[in-house]
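Chemist: Each step along the sequence shown adds one to the number in the numbering used here, with nothing skipped, and position 285 is 457.
Each residue gets a CB set at the ideal place from its N, CA and C atoms; glycine is no exception.
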Amino acid sequence: MVEAPRLGVPVADTHAHVHLLPDPGFELARCAAVGVSFVCMIVDPSEDGLRPFRCLDDWCAQAARTAPQLEGALPPDARFVAECHRGTGPDSQGVSAEAFPLSVRIAVGVHPHNARWYDDARERQLRALLAHPRVGALGEVGLDYHYDLSPRDVQREAFRRQLRLAHEACLPVVLHVRDAHDDAFRILCEEGFPLAGTLLHCCSLPWGQLERWVQRDCFVAYGGALTFRKSDEARDAAARVPEGRLLTETDAPYMAPEPLRGGTCTPSQVLFTAARLAEVRGALSDIDRRRLLHDRYLGAVRLLDRPLTPWQCDHAAEAVALMAASEERCARIESGPASGEAAPETRFADDCVCDVLAPAPAPAPRAVADHPNER
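1. How long is the line joining the alpha carbons of V190 and A279, rounded to whole angstroms?
2. Exposed or buried, which one is M427 when buried takes at least 16 other CB atoms within 10 Å?
3. Suppose you measure from the CA of F357 to the CA of W385; what does that come to, to the nearest Å?
4. When the Cα atoms are used, what is the spatial distance from C203 to D185?
5. Need the endpoints of the alpha helix (DSSP H) that V280 sits in, please.
6. Can the beta-carbon of L302 be found closer than 7 Å to that of A330?
7. Helix or strand or just coil, what does DSSP make of G175?
8. Are there 16 or more other CB atoms within 10 angstroms of the CB of G434, so buried, or fewer, so exposed?
9. If you measure between the beta carbons of A338 and L310, is that distance less than 7 Å?
10. Rounded to whole angstroms, what's the CA-CA distance from F374 to A410? Just pull it up for me.
11. Who pairs with A309 in a beta bridge, going by DSSP?
12. Where DSSP assigns a beta bridge to Y394, which residues make up the other side?
13. Could you give the distance in angstroms between the alpha-carbon of V174 and the alpha-carbon of E430?
14. State the CB to CB distance for the pair E363 and L335, rounded to an integer number of angstroms; the pair is presumed to be in contact (CB under 8 Å).
15. Using the C-alpha atoms, what's the distance from P284 back to E466?
16. Since V345 and T370 are thought to touch, with beta carbons under 8 Å apart, how far apart are those beta carbons, to the nearest angstrom?
17. Okay, do the segment 449 to 461 and the segment 204 to 221 touch, 3+ Cβ pairs below 8 Å being the bar?
18. Between L398 and A406, which are expected to be in contact by the criterion C-beta below 8 Å, what is the C-beta distance as a whole number of angstroms?
19. Quick check on DSSP: helix, strand or coil for H189?
20. In terms of alpha-carbon separation, which member of E506, P366 and A287 lies closest to L321?
21. Could you give the first and the last residue of the continuous alpha helix (DSSP H) run that contains F210?
22. For A488, tell me which candidate among L298, L432 and Q241 has the shortest Cα-Cα distance.
23. Have a look at the DSSP bridge pairing and note the partners of D316.
24. Compare the C-alpha of D216 against each of A188, A201 and P240 and name the closest.
25. Give the range of the alpha helix (DSSP H) segment to which T611 is assigned.
26. Pull the bridge partners of L372 from the DSSP assignment, please.
27. Since L242 and A205 are thought to touch, with beta carbons under 8 Å apart, how far apart are those beta carbons, to the nearest angstrom?
28. Around the C-beta of L367, are 16 or more other C-beta atoms found within 10 angstroms, so that it is buried, or is it exposed?
29. Once you ignore the five residues that flank G471 on each side, which residues in its own chain have a CB closer than 7 Å to its CB?
30. If you follow the alpha helix (DSSP H) that V386 is part of, which residue opens it and which one closes it?
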C-alpha cells in the first residue's frame, strides 16, 4: 500500500467523476479524512442521467458517518487537516458542517463525445440543472478531435450553445479539449470567455501552446499526467503558469498519478499530484509548499464553490420541477407498471437513471487510459 503525502493544508480536486466509482460515499469519506476538502463532481446528463444529483446527499451523509473512523486510523499529523478545516461544506449538503470537512459541488454539461445527443430538449434539461443548488459550473464541454465520437461540426455547435448558456447563467466553464485547441480557442474568442471563469481541464500542453490560454486568464488544472515520467513538457508549462491560475484535479476514475498509475484513480489521490506540483513550482520547504497549496485550494473554492448566481436563484423552480419529475419516474420504475400500463423506458438496466428525456443510446465508454501520455 502506497502512503499518500501528508501536506498539512486543504487540497481541492476540481474534476472527478465521483459517481463512476464503486463506492462514492466511501471515497468522499477518504477525501475528508486526508484533507481533500473540496471536490467538483463532473456530470453529463446525456450519459449519467440524473442519478448523481439524486444520490449526492446520501453519499455525503455516508461520508460524514465514515470519515471519523478513517481519521482515527491515521497518524496524528495526517489527521491535522481534517481537524483544522471542519465546517467548509455548505449547509445545503444536508450534513452538519461541524462534522464534515468537505464541500462537494457539481459541474454539469454535455461532453463533446456526446454532442450528437445535444438538441433543444437536452438544452432545456441542462438549463434546468444549471439552477440546481449543487451546481457551481458548466462542464465538461468542448471539443475532442482525437476520438471523434461525435461529428466535428456537431461538437462545435454544441460547444457554442453551451457557452451561451454559461454566459446567461453567469457560471464558469470547465473545458475538455483534445487535439482541437485551435478550434476551441477560436470559438471562445468568438463567443467570449465567460466572465465567471474558464478552466482548462486535464492540461498537458507545452508552454508554447498554453501561453495564449493563460493570457486570456484561463485557469489551468493539472491531474495525474503531471506525475508521469514522459510529461516533461507539461511540468515545464506548469512551472510557468501564473500561480493564481493553477488548480489541481484527478479526473477520477481515470489517470491515477504515479506511483499508483494503472489502477483506479480516486479523488483523494489528488494529494500525489499536489505534492508533485509543489516540487515543479520549487516550493520545496514545508512552509512554501503549504502556502502554495493552500492558495491553490482557495482559488478552486472561489471559482467552483461560489454562492448561487442571481440567474440560478431566479430559475430554481426549474431545477425543483425537473428533480421532482425524475423522482416520480424512478418511483414508477421501482414499483413496476400498473395493470395494462407499459413499463417506462430506461437507458440503463441496472440503474434508475431518471432521465426524463427520450432515452438515447449509451455512448462509448471512456477508457481508464484516456490520455496521450497513458498510451
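Modeler: Concretely, from the data shown:
1. If I take the Cα positions, the gap works out to 12 Å.
2. Answer is buried; the Cβ neighbour count reaches 16.
3. Distance between the alpha carbons of F357 and W385 is about 8 Å.
4. Distance between the alpha carbons of C203 and D185: 9 Å.
5. Run containing V280: none in the alpha helix (DSSP H); it sits in the beta strand (DSSP E), S275 to V280.
6. With a cutoff of 7 Å on beta-carbon distance, L302 and A330 are scored as not near each other.
7. Here the sequence assigns Glu to residue 175, which means Gly is not the residue at that position. Secondary structure at E175: coil, using DSSP grouped into helix, strand and coil.
8. With fewer than 16 Cβ atoms within 10 Å of its Cβ, G434 is classed as exposed.
9. Here A338 is near L310, since their CB atoms are less than 7 Å apart.
10. Looking at the sequence itself, residue 374 is Cys, so the reference to Phe does not match. Going by the C-alpha atoms only, they are around 12 Å apart.
11. Bridge partners of A309: A279.
12. Answer is T420, bridged to Y394.
13. If you take the alpha carbons of V174 and E430, they lie about 10 Å apart.
14. The Cβ separation is near 4 Å, so the contact holds.
15. Reading off the sequence shown, one finds His at residue 466, where the question assumed Glu. Answer to the nearest angstrom: the Cα atoms are 32 Å apart.
16. In this structure V345 is in contact with T370, their Cβ atoms being roughly 5 Å apart against a cut-off of 8 Å.
17. Judged by pairs of C-beta atoms under 8 Å, the segment 449 to 461 does not touch the segment 204 to 221, as fewer than three such pairs exist.
18. Confirmed, Cβ separation roughly 6 Å.
19. Looking at H189 - three-state DSSP - the assignment turns out to be coil, as it is neither helix nor strand.
20. Looking at the Cα atoms, A287 is the closest of the given residues.
21. Taken as a continuous stretch (DSSP letters only), F210 belongs to no alpha helix (DSSP H), being part of the beta strand (DSSP E) at V208 to V215.
22. The residue with the shortest Cα to Cα distance from A488 is L298.
23. Residue pairing by DSSP places D316 opposite R350 in a beta bridge.
24. The shortest C-alpha separation from D216 is found at A188.
25. Outside the displayed range of the chain (173 to 547) lies residue 611, so it cannot be described from this structure.
26. Residue pairing for L372: DSSP places it in a beta bridge opposite L347 and V392.
27. Going by Cβ atoms, the distance from L242 to A205 rounds to 4 Å, so yes, they are a contact pair.
28. By the Cβ-count criterion, L367 is exposed, with fewer than 16 other Cβ atoms from all chains shown falling within 10 Å of its own Cβ.
29. So the qualifying residues of the chain are G416 and L419.
30. Here the alpha helix (DSSP H) through V386 covers W379 to Q387.
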